[in-house]
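J.: Following this note's numbering, the numbering of the sequence shown begins with 833 at its first residue and continues without gaps.
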Amino acid sequence: LSDDKVVRLHGTEWAETQRFHHHLNILWQQWSQEMSDVAAGVLQQQLDAIAARTSDNKWLTREQTSGLQQQIRRAFAALPLP
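Shown next as structure tokens:
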């Protein structure tokens, strides 16, 4: 929250609210790390696919470039982002 504002859960003690926040924060950090790992894996797969298609040291055709673009878009669309 901006300006160090505080939100309390209605009817709870401050210490209980802090514990709840701590619990949610830990879960959020775990989820963020998992999603970071998933995204890194997807990016590595795309990098490997691009490297495989460009290993011949020749220009890609428009069709090949378009195919890579579609593949990258599909990979990103499949990521479970909030």
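Here a beta-carbon is modelled for each residue, glycine too, at the ideal position from N, C-alpha and C.
Everything numeric in this text was worked out from a predicted model, so none of it was measured.
Please look up how many angstroms separate the CB atoms of glutamine 896 and arginine 885, rounded, as I've assumed it's under 8 angstroms.
T.: Taking the sequence shown and counting its residues from 1, one reaches residue 896 at position 64. Taking the sequence shown and counting its residues from 1, one reaches residue 885 at position 53. So it is a contact: roughly 6 angstroms between Cβ atoms.
J.: Taking glutamine 865 and alanine 907 to be in contact with their CB atoms under 8 angstroms, please state how far apart those CB atoms are, rounded to whole angstroms.
T.: Here residue 865 corresponds to residue number 33 of the sequence shown, with the count starting at 1. Here residue 907 corresponds to residue number 75 of the sequence shown, with the count starting at 1. Glutamine 865 to alanine 907, Cβ: 20 angstroms. No contact.
J.: Measure the beta-carbon distance from valine 870 to leucine 911 and round it to whole angstroms, keeping in mind my assumption that it falls under 8 angstroms.
T.: Numbered from its first residue, the sequence shown carries residue 870 at position 38. Numbered from its first residue, the sequence shown carries residue 911 at position 79. 7 angstroms between Cβ atoms; contact.
J.: Whose CA, out of Trp846, Lys890, His854, Ala881, lies closest to the CA of glutamine 902?
T.: Within the sequence shown, numbered from 1, the residue matching residue 902 stands at position 70. The candidate whose alpha carbon is nearest that of glutamine 902 is Ala881.
J.: Rounded to whole angstroms, what's the CA-CA distance from histidine 842 to tryptophan 863? Just pull it up for me.
T.: As a first step, residue 842 must be located in the sequence shown, where it is residue number 10. As a first step, residue 863 must be located in the sequence shown, where it is residue number 31. Approximately 26 angstroms between the Cα atoms of the pair.
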